[in-house]
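S.K.: Numbering (full-length UniProt numbering), first residue to last: 1 to 351.
Beta carbons: idealized from backbone N, C-alpha and C, even for Gly.
All of these numbers come straight from a predicted model, not from anything done at the bench.
1) Candidates 105, 69, 92: which alpha carbon is nearest residue 79's?
2) Under the three-state reduction of DSSP, which class applies to residue 42: helix, strand or coil?
3) How big is the Cα-Cα spacing for residue 421 and residue 63?
4) Using alpha carbons as the reference points, say which of 144, 118, 97, 146 lies closest to residue 129.
5) Beta strand (DSSP E) containing residue 245: first to last residue?
6) If you count every other CB in all the chains shown that lies within 10 Å of the CB of residue 72, and 16 or more means buried, which is it?
7) Helix, strand or coil: how does DSSP classify residue 138 here?
8) Decide yes or no for the touch test of the region 235-244 against the region 266-273: beta carbon pairs closer than 8 Å, at least 3 of them.
9) Please look up how many angstroms separate the CB atoms of residue 56 and residue 116, rounded, as I've assumed it's under 8 Å.
10) Note down the Cα distance separating residue 152 from residue 19, rounded to an integer number of angstroms.
11) Any chance the region 203-220 sits against the region 250-261, with 3 or more Cβ pairs inside 8 Å?
12) Could you tell me how far apart the beta carbons of residue 114 and residue 59 are, in whole angstroms, since I believe they sit closer than 8 Å?
13) May I ask which residues mark the beginning and end of the alpha helix (DSSP H) holding residue 317?
14) Look at residue 246 and residue 284 and say whether their C-beta atoms are less than 8 Å apart.
15) Of the choices 140, 76, 88, whose alpha-carbon is the least far from that of residue 155?
16) Could you check how far apart the C-beta atoms of residue 157 and residue 138 are, in whole angstroms? I think they sit under 8 Å.
17) Can you check DSSP and say which residues form a bridge with residue 47?
18) Only counting the same chain, and skipping five residues up and downstream in sequence, which positions put a Cβ closer than 6 Å to that of residue 75?
19) Would you call the CB atoms of residue 120 and residue 89 closer than 8 Å?
20) What is the rounded straight-line gap between the Cα of residue 257 and the Cα of residue 296?
21) So, using beta-carbon positions, are residue 159 and residue 303 closer together than 8 Å?
22) Taking 8 Å as the cut-off, decide whether the C-beta atoms of residue 161 and residue 142 are in contact.
23) Determine the burial state of residue 301: buried for a count of at least 16 other Cβ atoms within 10 Å of its Cβ, exposed for fewer.
24) Between 223, 172, 37, which lies nearest to residue 266 when the distance is taken from Cα to Cα?
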């Protein structure tokens, strides 16, 4: 018996030494992803089978409660333990959709899915990842061996924590280590004394870039928004659907005057315009730029999606080349409501 225990301990120590460098970067990345989503009020979903089901429950319980340090409660749900839900889905639709069905019901844009599979080939976990991607959730996958099929499913917004071992026990042990490392980091970040949800209006562009660094996909759009109308709201709501987080850039008062809209524009000050846009539920961050175009701001925050209204040609959109060169998407949204700030101002003045 002692020999078996010593052999397992030696295997664990050897594996820990071998993978410490390999796991360091993805663990740091995963920690930033979790921190970013939880800071923005998003939640964590977790899933896995067998021993991995235990891991999924473990990390959810540590997030909801706390790990080692007193801190605020955080929203996390394990998709494993509810026997009524499990048997209902498995009976009606099959075990393959056990987790994906719950992701479809509970997952919202910007949430995180923690997917555990030591082989990387668990079909119901793979289906959950597909559902997560469809709903704009980011995935942190805990795998082993060569990563399996799951490794090939992950996008640039996702993180894989892969243990390069063929022994299930060793993989699970390193997954547990990873769970504890992430929970310790989250504890320290979310202590009651130091954590405050970031303000929607961010005046400093560098600070905004820091806040959004761990968030994906980021959608950016910009405008004057002098008198907020239905057309503006429609564009912003549709823009949000293209990603998980929407950042809106607003022309400063000086910038508006240089656009040639008239010496009496803007009607509303930059701070008032920013406050109105920030009040919209679909908007996550608002910032003000003083340049003629938001190109410099775009290069600072590096959005994944750049959006403008349907009256723009793609090659006319400021910052489009930068976004495309960085692998992002540039698109336009068609107008559905014939509204114009200039026309509204003219009607008011002529009434």
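M.R.: The answer reads as follows:
1) 105
2) coil
3) Residue coverage of the chain in this structure runs from 1 to 351, which leaves residue 421 outside it and unanswerable.
4) 97
5) 245-251
6) exposed
7) strand
8) no
9) 6 Å
10) 21 Å
11) no
12) 6 Å
13) Per DSSP, residue 317 belongs to no alpha helix (DSSP H) and is neither H nor E.
14) yes
15) 140
16) 5 Å
17) 115
18) 43
19) no
20) 19 Å
21) no
22) yes
23) buried
24) 223
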